[in-house]
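Okay, structure first, notes after.
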């Protein structure tokens, strides 16, 4: 089941480059509602258009939850958009 | 269409080295969702346009296919077949990103890339021997598979088919789904045809199979062995017979370009309605979308088609009456602005079945021409 959250969160991430020279951002930890989650399995990172700018969408899973994180590159602001347990609604 | 051989004395299978590669993603939308959400991997997942019971599945995962769920299965039926099915709404940004990335990967290998759809591409390596640098197409295919997994995610797999023409390359790509890589040449073609049914051939549907069956052609091998004259004069009764004769033997007849003929949008309503205001609102949103797409392609449409499925009042003794309706009109001027398309669509929609609830609406512009100026027509507003 997918639940819409849309709340700002604190994220520890690393910034680097891929072997082909593209920018690479990897979130590792996320703090949400006073609890820390280790973001273990990376799902996908893709850009998404929001008006006149692109935001970056990261999908990750922890032990039993999957998260959809959004990074606003202009304000370097992380927002947790959705959580999911991977089960049917 | 490239060089076509003389077939007057019969023709064998094309003996040239395979240079066409067909690549498609497996259950593209569902697989992308499973890549994005690791908790969905290995579970039956299906993607639909909207989370309602009245819509259909547009992309089932391989796990969902095992339950008998196919493209076009209604969501309600799919949930009956697989109660633990995870149904998700489409996420176009994600699929567009995947499409863009696979095109980038393909273009690293050859400039002759033709995308047939969002998840299916043809790579032509004809004359690319120097670029290949001694590598075989099989090695290139394996490298592309590895790069897709590395750059898009480990759950993303592609099928690769290699042969001498597009038809056989596509057929090869479908032989060992998911994650296959197969090569069809003159040496194994008859063996492969011998293992397939007629309907396994891309482009052979029920009607074609029936036509072939009527002439005693019931297997791909019999199709291959059929005489060109018989295919042209008796089975297909057109140039299609000759094209099939060549296609089956690995000669290229499908390398033609396509042009856009229509620009349209289809929408299934969440709540069926007969309310004119609500119908007008849906038609407006769709017209704006169609206009935006036309401008994106620099096109304008003189013709407008409006169609829909309408259902009657709810009944307690059975399903409500359902009917299809459509109207079309060729206007004197071409339209590319959403407002004008909406005005024209409403003019056509005035003839819709009275009192019936709208279930599905299609608005589509045809007779496209270049939208060469932003000048408004003096005749705009006139029908």
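Residue numbers (our numbering), protein chains in the order written: chain X, 1 to 89; chain V, 1001 to 1383.
All C-beta atoms, glycine included, are put in the ideal place defined by N, C-alpha and C.
Computed from a predicted structure; not experimentally measured.
Under 7 Å between C-beta atoms of residue i and residue j
| i | j | result |
| --- | --- | --- |
| residue 1299(V) | residue 1368(V) | yes |
| residue 1045(V) | residue 1035(V) | no |
| residue 1267(V) | residue 1361(V) | yes |
| residue 1193(V) | residue 1224(V) | yes |
| residue 40(X) | residue 62(X) | yes |
| residue 70(X) | residue 83(X) | no |
| residue 1312(V) | residue 1356(V) | yes |
| residue 1159(V) | residue 1177(V) | yes |
| residue 1024(V) | residue 1173(V) | yes |
| residue 1247(V) | residue 1232(V) | no |
| residue 43(X) | residue 1038(V) | yes |
| residue 1020(V) | residue 1179(V) | no |
| residue 80(X) | residue 9(X) | yes |
Helix, strand or coil at residue i according to DSSP, with G and I counted as helix
| i | result |
| --- | --- |
| residue 1353(V) | coil |
| residue 1105(V) | helix |
| residue 1310(V) | strand |
| residue 1131(V) | helix |
| residue 959(V) | There is simply no residue 959(V) to check, as chain V begins at 1001 and stops at 1383 in what is shown. |
| residue 60(X) | strand |
| residue 8(X) | strand |
| residue 1206(V) | helix |
| residue 1200(V) | helix |
| residue 46(X) | strand |
| residue 1096(V) | helix |
| residue 1242(V) | helix |
Nearest-angstrom Cβ-Cβ length linking residue i and residue j, presumed shorter than 8 Å
| i | j | result |
| --- | --- | --- |
| residue 1022(V) | residue 1166(V) | 7 Å |
| residue 1030(V) | residue 1061(V) | 4 Å |
| residue 1334(V) | residue 1371(V) | 7 Å |
| residue 1118(V) | residue 1095(V) | 6 Å |
| residue 1067(V) | residue 1079(V) | Not a contact, Cβ separation roughly 10 Å. |
| residue 1417(V) | residue 1365(V) | The structure shown does not extend to residue 1417(V), since chain V spans only 1001 to 1383, so no value can be given for it. |
Amino acids of chain X, ordered along the chain, whose beta-carbon sits closer than 9 Å to that of residue i
| i | result |
| --- | --- |
| residue 1038(V) | 40, 41, 42, 43, 59, 60, 61, 66, 86 |
| residue 1338(V) | Simply none; closest approach about 19 Å. |
| residue 1153(V) | 42, 43, 44 |
Cutoff 7 Å: residue i Cβ touching any chain X Cβ
| i | result |
| --- | --- |
| residue 1094(V) | yes |
| residue 1097(V) | yes |
| residue 1140(V) | no |
| residue 1362(V) | no |
| residue 1108(V) | no |
| residue 1084(V) | yes |
Contacts that residue i makes with chain V (C-beta to C-beta distance below 9 Å)
| i | result |
| --- | --- |
| residue 56(X) | None at all; the shortest Cβ gap to chain V is about 11 Å. |
Neighbour list for residue i in chain V, Cβ cutoff strictly below 7 Å
| i | result |
| --- | --- |
| residue 48(X) | 1093 |
Under 8 Å from the C-beta of residue i: neighbouring residues of chain X
| i | result |
| --- | --- |
| residue 1043(V) | 86 |
| residue 1268(V) | Here the premise fails: no neighbours, minimum Cβ distance about 19 Å. |
| residue 1035(V) | 43, 44 |
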